[in-house]
Amino acid sequence: MDKDTLDEHFVDEVAHEDAPILKPILYTSKRFYTVVFILVVIILIGVLAWIFQLRKGLGITGLNQPIFWGFYITNFVFFIGISHAGTLISAILRLARAEWRRAITRSAEVITVLVLFFGVFNIITDLGQPGRMFKVFTDGKLSSPLLWDVLSISLYLAASAIYLYLPLIPDIALMRDKFKSKTKRLFYRILALNWKGTEKQWAILEKAISIMAVVVIPVAVSVHTVVSYVFAMTIQPMWHSTIFGPYFVTGAIFSGIAALIIAMYFIRRSYHLEDYLKPIHFNNLGLLLLVMSLLWFYFTFTENLTAFYGAEPAHLTVFWSKFIGGYAPYFWTMVGSCFVIPLVILSNRRTRTVTGTTIASVSVIIGMWLERFTIVLPTLINPRLPYEKGMYHPTWIEFAVTAGCFATFILLYVLFTKFFPIVSIWEVKEGKEIGVKETEERIKSYLPGKEKENLK
Amino acid sequence: MPRWGMVIDLDRCTACQACVVACKAENNIPFSSPKEAGRRRIISWMRVLPMMEGEYPNLRERFIPRPCMHCDNPPCVKVCPVGATYKNKEGLIAQVYTQCIGCRYCTNNCPYTLKYFNWFRPEWPEEMENYLNPDVSIRSKGVVEKCTFCHHRLQKAREKARAENRELKEEDYIPACVQTCPTDAIYFGDLDDSKSKVAQLARSPRAFRLLEELGTEPKVYYLSEGEWHG
Numbered sequence: 066m067d068k069d070t071l072d073e074h075f076v077d078e079v080a081h082e083d084a085p086i087l088k089p090i091l092y093t094s095k096r097f098y099t100v101v102f103i104l105v106v107i108i109l110i111g112v113l114a115w116i117f118q119l120r121k122g123l124g125i126t127g128l129n130q131p132i133f134w135g136f137y138i139t140n141f142v143f144f145i146g147i148s149h150a151g152t153l154i155s156a157i158l159r160l161a162r163a164e165w166r167r168a169i170t171r172s173a174e175v176i177t178v179l180v181l182f183f184g185v186f187n188i189i190t191d192l193g194q195p196g197r198m199f200k201v202f203t204d205g206k207l208s209s210p211l212l213w214d215v216l217s218i219s220l221y222l223a224a225s226a227i228y229l230y231l232p233l234i235p236d237i238a239l240m241r242d243k244f245k246s247k248t249k250r251l252f253y254r255i256l257a258l259n260w261k262g263t264e265k266q267w268a269i270l271e272k273a274i275s276i277m278a279v280v281v282i283p284v285a286v287s288v289h290t291v292v293s294y295v296f297a298m299t300i301q302p303m304w305h306s307t308i309f310g311p312y313f314v315t316g317a318i319f320s321g322i323a324a325l326i327i328a329m330y331f332i333r334r335s336y337h338l339e340d341y342l343k344p345i346h347f348n349n350l351g352l353l354l355l356v357m358s359l360l361w362f363y364f365t366f367t368e369n370l371t372a373f374y375g376a377e378p379a380h381l382t383v384f385w386s387k388f389i390g391g392y393a394p395y396f397w398t399m400v401g402s403c404f405v406i407p408l409v410i411l412s413n414r415r416t417r418t419v420t421g422t423t424i425a426s427v428s429v430i431i432g433m434w435l436e437r438f439t440i441v442l443p444t445l446i447n448p449r450l451p452y453e454k455g456m457y458h459p460t461w462i463e464f465a466v467t468a469g470c471f472a473t474f475i476l477l478y479v480l481f482t483k484f485f486p487i488v489s490i491w492e493v494k495e496g497k498e499i500g501v502k503e504t505e506e507r508i509k510s511y512l513p514g515k516e517k518e519n520l521k
Numbered sequence: 089m090p091r092w093g094m095v096i097d098l099d100r101c102t103a104c105q106a107c108v109v110a111c112k113a114e115n116n117i118p119f120s121s122p123k124e125a126g127r128r129r130i131i132s133w134m135r136v137l138p139m140m141e142g143e144y145p146n147l148r149e150r151f152i153p154r155p156c157m158h159c160d161n162p163p164c165v166k167v168c169p170v171g172a173t174y175k176n177k178e179g180l181i182a183q184v185y186t187q188c189i190g191c192r193y194c195t196n197n198c199p200y201t202l203k204y205f206n207w208f209r210p211e212w213p214e215e216m217e218n219y220l221n222p223d224v225s226i227r228s229k230g231v232v233e234k235c236t237f238c239h240h241r242l243q244k245a246r247e248k249a250r251a252e253n254r255e256l257k258e259e260d261y262i263p264a265c266v267q268t269c270p271t272d273a274i275y276f277g278d279l280d281d282s283k284s285k286v287a288q289l290a291r292s293p294r295a296f297r298l299l300e301e302l303g304t305e306p307k308v309y310y311l312s313e314g315e316w317h318g
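Those protein sequence lines, which keep their order, are chains W and B.
Quick note: the first sequence uses the numbering used here, first residue 66, plus one each step.
Quick note: the second sequence uses the numbering used here, first residue 89, plus one each step.
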C-alpha cells in the first residue's frame, strides 16, 4: 500500500508499519462482496428451512423413533468443540510465553466467541418447543447434565468474550486516534473505554489478561467435559463411558486447532498477511495438530477396544454397527481423515507447509464432525429391547440449517476482520520491542553462569 | 400411600393387541398416516413387542406387552433439565406436557425406549374429534409423552371415593389396557399391599422384569410362560 492512500485515512504516519494489518479494514475488494453474497444466499436457505421447521414441527427432519437426536446434536458437539480453538490454545500459548503466538491469538479467540453461538443455536433448533427454552433458567434442575451444559457454556461464553475483548482495547484505541473519519472514530471511541495507554492502564490490562488466561483454561476444559457428560451420564451402550470427558476435550482441541489453521490460511491469502502469518506458525500449529491426532487415536482405540473386549451384547451391537455395519463408511472415513491423513502430512517436515497443514486441517474438520456423528447415531440406532432397528435419513432441512450455521459463522468472522485488526497490532509490536530481548535473557537464565538481573 | 404396579401374565397373553387399541382410544393418541408410520413416527404407549429367541429351526417367538415401566429408579427423570418428567408420591412417572421443552433427553436415556415424541401437531379425522377423551389433555407438537398408567382414572376414582366418603379401594382404579384385556392377562394394583393380587404375583417364581440388571426397578412385572409352552 502506498503512502498517499494511507494518508487519506490516517492522521499521521505512525500506523504505516502496520499497514498490512489495517488494510482489510480500509479496503474491501470485489471478491469480498462476492463471498458475502454467496454466504448470504446460503444463510437465507438455512433460515427458510428453519422457519419451515418451526412452523411444521421436527417431523419434517429425518428424526424418528428411536433416532431422537441427529444432525443438530452432532453440530452442537462439533461447534462447541471448535470453540476450543481460540481461548484455550491462545491462553495456553500466552501462559507458556510462546513468542510465536503473537500474530495468531486474535484470529483464534474470535473463532471461540462466534462459534459458541452456533453450538447453542443447534441445541435450541433441536428443541421441540424452542419457545420454552428459558425454562432451563427459571425451572432448571441441576440433576440434569443438560443444565450443567447451560451453566458451563454461559460461563465460557462470558469468559472468552472478555478474553477476546481485553487484548483488543489497545488496538481499538489506536484506530480511534488514527482515523480521520469522524463516524469511525466515534465507533472506536465507545469501544476503547477511554484507553489512553498510560503506564497504569497497561499494568492493569496485562494483569487482567493473564488472570483471564488462567481462568479460561479450567472453564474451557469443563465445557467439553460437560458436553461429553450429556452422553456419558446416560445408561446407553457406548455412551456410558468413563473416558468421554478427556476424549471429548481432546477432540475439541484437535478440531479447534484445525479450524484455526484453516482460518489463518484464508486470512493470510485474502489479506496478504504473509509477513505476519508465516510458514513457521503453520509448522508449529501443525505439530500441535499432530500431537492431538495421536492423542485422539489413542482415545478412540481405547474406547473401542474396551467395548469389543468386554463383549457385552448391548455394547457389541453398537460396536459392530460402527465397524462393519451401516455406520462403517462414516467410521472408517473418520479414522482416515482424523488420523491417517494428518499423520502422513504432518509427520513429514516437507509436507508440513502452509498448504499441507491446511489440507490436513480440512481433513480433521470433516473427520471430527463424523466422529461426533458416529458417537451420537449408532447408539440410538440400536435400542436395547427388540424393536426394529432404527434408521436415519436426514432431509434437506437438516442440511440447509447446518449449511446456514457454517455460512453465518464465516460471515460473522469475515465481518469481524472488517472492523477490527485480525492480527493484534500491539502484541506484535511488543514482541519486536520487548519479546526478543526478554526471550534472549530468559534463555540465558537457563544456562550456567551468573544472571545479570532478576527477571520478571 | 399405594405403590401402583402391573403384572402381565405371558401365559395368558395372546398378543391380540386389544390393550394397544384400548390405550390409544383412552389416551387420545393421534392416528398415524402410513407414510409417517413408515418413517417410524407411530405413537403407541402400549406396544406388543415380538421377541424372537433361538435359531432356525428351533425358533420361539414371545410377545411382550410393553407399557411404561414406571421405574422406581427412573433414568428418564434425572436427566430432564426442567422437571417436566418426575416421579410422584405414588411412584407413577408423570409427564407435564406444558413444562416439556422437547429436548428428548429423557427419550434417549430410557433403556426401554418407550417414550414418544410429537413430531407434528396431533391430528384426527374430523369425525373422530368428537370421540376424544375429555379427561386426557391433547398434547401439542414438540413434547414428549408416554404411558401414565391412565393416571386420569386414578384422579377420577379418588374424587368418587371422596364424594362417597370412603377410602380409595384398589379395584376403583384400573388402567384401560387392564380393563380391556380379553384373557385377563394384565393385573394392576398396589405392590406394597402384601395381600393384593399383584404383590402376590410379583413374588411368584415366574416373575421377572425387563432389563432388571440395569437397576431401574421397574414396577411392571412379567410372569414367564410355563405350562402352555411346549
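Even glycine gets a Cβ: it sits at the ideal position worked out from N, Cα and C.
* To do: With a floor of 4 residues, list each alpha helix (DSSP H) that falls wholly inside the segment 261-314 of chain B, ordered by position along the chain.
  => 264-268 and 285-290
* Starting from B/Lys177 and walking both ways along the alpha helix (DSSP H), at which residues does that stretch end? -> From DSSP, B/Lys177 is part of no alpha helix (DSSP H); its letter is neither H nor E.
* Asked: Between which two residues does the alpha helix (DSSP H) containing W/Leu408 stretch?
  -> Ile406 to Leu411
* When we look at the beta-carbon of W/Val246 and count the other beta-carbons within 10 Å, is it buried (16 or more) or exposed? -> Looking at the sequence provided, one finds Ser at residue 246 of chain W rather than Val. Counting Cβ neighbours within 10 Å, W/Ser246 comes out exposed, since fewer than 16 surround it.
* Report the option in W/Ile255, W/Ser386, W/Met329 and W/Glu264 whose CA atom is closest to the CA atom of W/Pro302. => W/Ser386
* For B/Asp97: DSSP bridge partner residues -> B/Leu311
* Closer than 8 Å by beta-carbon distance: list the chain W residues that pair up with B/Asn161, in chain order. => By Cβ distance, chain W contributes nothing, its closest Cβ being about 11 Å from B/Asn161, past 8 Å.
* Asked: Is W/His333 buried or exposed, if buried means 16 or more other CB atoms sit within 10 Å of its CB?
  -> The sequence shown places Arg at residue 333 of chain W, rather than the His named in the question. It counts as buried.
* To do: Check the Cβ-Cβ distances between W/Tyr452 and every residue of chain B, and say whether any is below 8 Å.
  => yes
* To do: Tell me whether B/Glu137 sits in a helix, a strand or coil according to DSSP, three-state version.
  => Reading off the sequence, residue 137 of chain B comes out as Leu, not Glu. Reduced to three states, the DSSP call for B/Leu137 is strand.
* So which residues on chain B does W/Trp134 lean against when the C-beta distance must stay under 8 Å? -> Arg192 and Asn196
* Note the first and the last residue of the continuous alpha helix (DSSP H) segment covering W/Ile154. => Gly151 to Leu160
* Asked: So who's on the other strand from B/Val232, going by DSSP bridges?
  -> B/Phe205
* To do: Find the nearest neighbour of B/Gln105 within the set B/Lys244, B/Val266 and B/Pro122, judged by alpha-carbon distance.
  => B/Val266
* Asked: Taking Cβ to Cβ, would you say B/Ala245 is nearer than 8 Å to B/Asp223?
  -> no
* Out of W/Gly391, W/Val101 and W/Asn369, state which residue places its alpha-carbon closest to the alpha-carbon of W/Leu381. => W/Asn369
* Cutoff 8 Å: W/Lys121 Cβ touching any chain B Cβ -> yes
* Asked: Any beta-carbon of chain A closer than 8 Å to the one on W/Pro459?
  -> The structure shown contains no chain A; its protein chains are W and B.
* Per-residue burial, W/Met298 [other beta carbons within 10 Å of its own, 16 or more giving buried] -> buried
* If contact means a Cβ-Cβ distance below 8 Å, which residues of the segment 291-307 of chain W contact chain B? -> Val295, Met298, Thr299, Ile300 and Gln301
* Contact set between the segment 462-484 of chain W and chain B, restricted to residues whose Cβ is under 8 Å from the partner -> none
* **Test: B/Ile96 CB closer than 8 Å to a CB of chain W** => no
* So what does DSSP say about W/Trp115, is it helix, strand or coil? -> helix
* Asked: What does W/Pro210 reach in chain B if we use C-beta pairs closer than 7 Å?
  -> Val167
* Asked: In three-state DSSP terms, what is B/Trp92?
  -> strand
* Asked: Using a beta-carbon distance below 8 Å, is W/Asp83 in contact with chain B?
  -> no
* Is it the case that the Cβ atoms of W/Pro407 and W/Leu355 are separated by a distance below 8 Å? -> yes
* **Endpoints, the beta strand (DSSP E) within which B/Arg154 is located** => Arg148 to Arg154
* Asked: When the cut-off is 8 Å and only beta carbons count, does W/Asn447 lie next to chain B?
  -> no
* **8 Å Cβ cut-off: residues of chain W touching B/Gly171** => Asp204 and Lys206
* Applying a beta-carbon distance threshold of less than 7 Å, which residues of chain B neighbour W/Met198? -> Ile189
* Compare the C-beta of W/Val501 with all C-beta atoms of chain B and state if any pair is closer than 8 Å. => no
* For the segment 288-305 of chain B, which residues have a beta carbon sitting closer than 9 Å to at least one beta carbon of chain W? -> Leu298, Leu299, Leu302, Gly303 and Thr304
* At least one CB of chain B closer than 8 Å to the CB of W/Val383: is that the case? -> no
* **Local Cβ density within 10 Å of B/Thr236, reported as buried at 16 or more and exposed below that** => buried
* Asked: Quick one: is W/Lys521 buried, meaning 16 or more other Cβ sit within 10 Å of its Cβ, or exposed?
  -> Because W/Lys521 carries a pLDDT of 48, less than 50, the predicted location of this residue cannot be relied on, and no value is offered for it.
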